[in-house]
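Residue numbers (my numbering): 261 to 667. Glycine included, every Cβ here is placed at the ideal spot set by N, Cα and C. Note sheet for the following structure.
Encoded structure:
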């Protein structure tokens, strides 16, 4: 049976009672929904993390309230979908796949429909059909709102700063959430960010999108629901089940540069159950280090950065190593020439072209470096010390900046 609510829209009644009152205590129903979703709607057998469980509970309460108002004849407006859109955008930023968001929505509405049918306690099909019609209407509206908000967030047309340190420290703090969702005893953590060096052959960027947003969209498209991930405006951290070969991971990451239209640097580490937080921290440290030593776009692990990783540890040895470059501080062009020459694999012609100087000028400056430091960059023994000293100098400077940076 239907009646006319205050708004003039049909109100659903069951044996003279408003159908909106059948569910009873909304908080109890929401708690049941969360337990049901944890058991049946998520791919890992549990909702990933206490924070998400809390958000799903709040989200369920909002949807239940919205459903009750619709059963009472309330005509939904754009403002009514505010909480749905906000929650979907938060989950997009947190890296939960759209598939999971929609599964939570659909399973939640389905479960509410089943509860309403049981509590209605009637064999009259008319009110039951009207309840289901209203719930289908609710499902359509929340699905459209959630999907649009999620895709808008991934598209990320807002002007967010992605030029700073690419490491998202929140991902380290949420590593326990990743750990709770491991698919096997072993996994591989991959962290990636936008390289500082533009790729000459990069395809044209999608109009209206920030580079980091294109990376996030590529991540969702490429991996779908097969990997747990944490997205940030600066990049992403992904946990892949198992321990695929490095070549396999590299092939998985290849389409990202094409889809994101930006070159990417990625670092990886293996992990066993119970060590995921440490692995997450390690790949972030390696990623920051790869940026500091200005590595070319590509995939790296500890074997590529072992020496640099050790030099990155603060201490008297690193300070002493950095002092090797001190005689060059008064002539910055010598430091620049040395860095460019190393980056160009000691090719004097490419170094000269990059710096817009004659090749003889490069030779002269390298000789001056040898005279001032006592290390000849044209000989392997001298080059190794100078490379280590340049890295130590850069890391010491970064540490000094961190000390004076306001909290």
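* For the putative contact between residue 571 and residue 500, defined by C-beta atoms under 8 Å, what is the C-beta separation to the nearest angstrom? -> Position 311 of the chain shown, counted from the first residue, corresponds to residue 571. Position 240 of the chain shown, counted from the first residue, corresponds to residue 500. Actually they do not touch by this definition, with Cβ atoms about 29 Å apart.
* To do: Could you pull out every residue in the same chain whose Cβ sits closer than 7 Å to the Cβ of residue 602, ignoring the five residues on either side in sequence?
  => What you label residue 602 is simply residue 342 of the chain shown in a count that begins at 1. Around residue 602: 647.
* DSSP three-state call for residue 453: helix, strand or coil? -> Here the question's residue 453 lines up with position 193 in the chain shown. Correct three-state label for residue 453: strand.
* the segment 284-291 in contact with the segment 398-417 per 3-pair CB rule at 8 Å -> no
* Check the C-beta distance from residue 561 over to residue 506 and give it rounded, since I have them as a contact under 8 Å. => As a first step, residue 561 is located in the chain shown; it is residue number 301 there, counting from the start. As a first step, residue 506 is located in the chain shown; it is residue number 246 there, counting from the start. Residue 561 to residue 506, Cβ: 7 Å. Contact.
* How would you call residue 271, buried or exposed, if buried means at least 16 neighbouring beta carbons within 10 angstroms? -> The sequence position of residue 271 within the chain shown is 11, counting from 1. That one is buried.
* Asked: In terms of DSSP beta bridges, what is residue 447 paired with?
  -> As a first step, residue 447 is located in the chain shown; it is residue number 187 there, counting from the start. According to DSSP, residue 447 bridges with 501, 531.
* Asked: Using the beta-carbon count (16 or more within 10 Å), is residue 542 buried or exposed?
  -> Translated into the one-based positions of the chain shown, residue 542 becomes position 282. By the neighbour-count rule (16 or more Cβ atoms within 10 Å), residue 542 is buried.
* Status (buried if at least 16 other CB within 10 Å, exposed otherwise) for residue 557 -> Along the chain shown, read from residue 1 onward, the residue named residue 557 stands at position 297. Answer is buried; the Cβ neighbour count reaches 16.
* Asked: Where DSSP assigns a beta bridge to residue 277, which residues make up the other side?
  -> Here the question's residue 277 lines up with position 17 in the chain shown. DSSP, once it has assigned bridges, lists 274 as partnering residue 277.
* What is the DSSP secondary structure of residue 439, reduced to helix, strand or coil? -> Locating residue 439 in the chain shown gives position 179, counting from the first residue. With a pLDDT of 41 at residue 439, under the threshold of 50, the predicted position of this residue should be treated as unreliable, though the coordinate-derived value follows. In the structure shown, residue 439 sits in a helix (DSSP, three-state: H, G or I).
* Asked: When you compare only the Cα positions, how much space is there between residue 336 and residue 380?
  -> Within the chain shown, the letter at position 76 stands for residue 336. Within the chain shown, the letter at position 120 stands for residue 380. If you take the alpha carbons of residue 336 and residue 380, they lie about 24 Å apart.
* State the DSSP-derived secondary structure class of residue 569, mapped to helix, strand or coil. => Within the chain shown, the letter at position 309 stands for residue 569. It is helical.
* Can the beta-carbon of residue 344 be found closer than 8 Å to that of residue 291? -> Position 84 of the chain shown, counting from 1, holds the residue named residue 344. Position 31 of the chain shown, counting from 1, holds the residue named residue 291. No.
* According to DSSP, residues forming a beta bridge with residue 558 -> Within the chain shown, numbered from 1, the residue matching residue 558 stands at position 298. Its beta-bridge partners are 525.
* So residue 537 is in the alpha helix (DSSP H); what residue range does that whole segment cover? -> Taking the first residue of the chain shown as 1, we reach residue 537 at position 277. 536-552 is the extent of the alpha helix (DSSP H) around residue 537.
* What residue range is occupied by the uninterrupted alpha helix (DSSP H) comprising residue 283? -> Here the question's residue 283 lines up with position 23 in the chain shown. Note, residue 283: premise wrong, no alpha helix (DSSP H); not H, not E.
* May I ask which residues mark the beginning and end of the alpha helix (DSSP H) holding residue 370? => Sequence index remark: in the chain shown, residue 370 carries index 110 (1-based). That run of the alpha helix (DSSP H) goes 358-380.
* Take residue 328 as the anchor and find which of 366, 338, 566, 279 has the nearest alpha-carbon. => Counting from one through the chain shown, the residue named residue 328 turns up at place 68. Closest option to residue 328, Cα to Cα, is 279.
* Look at residue 496 and residue 527 and say whether their C-beta atoms are less than 8 Å apart. => Locating residue 496 in the chain shown gives position 236, where the first residue counts as 1. Locating residue 527 in the chain shown gives position 267, where the first residue counts as 1. Their beta carbons are not under 8 Å apart, which means residue 496 does not touch residue 527 by this criterion.
* Any chance the segment 602-620 sits against the segment 572-583, with 3 or more Cβ pairs inside 8 Å? -> no
* Whole-angstrom distance between residue 604 and residue 583, CA atom to CA atom -> Taking the chain shown and counting its residues from 1, one reaches residue 583 at position 323. Taking the chain shown and counting its residues from 1, one reaches residue 604 at position 344. Roughly 24 Å separates the two Cα atoms.
* **Alpha-carbon to alpha-carbon, residue 353 and residue 564** => Looking up residue 564 in the chain shown gives position 304. Looking up residue 353 in the chain shown gives position 93. The straight-line gap from Cα to Cα measures roughly 31 Å.
* N- and C-terminal bounds of the alpha helix (DSSP H) containing residue 235 -> Shown here, the chain extends from 261 to 667; a query on residue 235 therefore has no answer.
* Are the Cβ atoms of residue 369 and residue 321 separated by less than 8 Å? -> The residue labelled residue 369 in the question sits at position 109 within the chain shown. The residue labelled residue 321 in the question sits at position 61 within the chain shown. Not in contact: residue 369 and residue 321 (Cβ atoms no closer than 8 Å).
* By a C-beta neighbour count over all protein chains shown, 10 Å radius and 16 as the cutoff for buried, is residue 514 buried or exposed? -> As a position in the chain shown, residue 514 is number 254, starting the count at 1. Looking at its Cβ environment, which holds fewer than 16 other Cβ atoms inside 10 Å, residue 514 is exposed.
* **Start and end residues, alpha helix (DSSP H) containing residue 577** => As a position in the chain shown, residue 577 is number 317, starting the count at 1. Unbroken alpha helix (DSSP H) run through residue 577: 576-582.
* Compute the Euclidean distance between the alpha carbons of residue 658 and residue 635, then round it to the nearest angstrom. => The sequence position of residue 658 within the chain shown is 398, counting from 1. The sequence position of residue 635 within the chain shown is 375, counting from 1. Cα to Cα, residue 658 sits roughly 24 Å from residue 635.
* **C-alpha gap between residue 392 and residue 348, whole angstroms** => Against the chain shown, residue 392 aligns to sequence position 132. Against the chain shown, residue 348 aligns to sequence position 88. Near 24 Å, if we compare the C-alpha coordinates of residue 348 and residue 392.
* Asked: To which residues of the same chain is residue 377 closer than 7 Å at the C-beta, ignoring the five residues directly before and after it?
  -> Here residue 377 is taken as the residue at index 117 of the chain shown, counted from 1. These residues qualify, in order along the chain: 388.
* Assign residue 641 to buried or exposed, taking buried as 16 or more other Cβ atoms, counted over all protein chains shown, within 10 Å of its Cβ. => If you number the chain shown from 1, residue 641 lands on position 381. Classification for residue 641: exposed.
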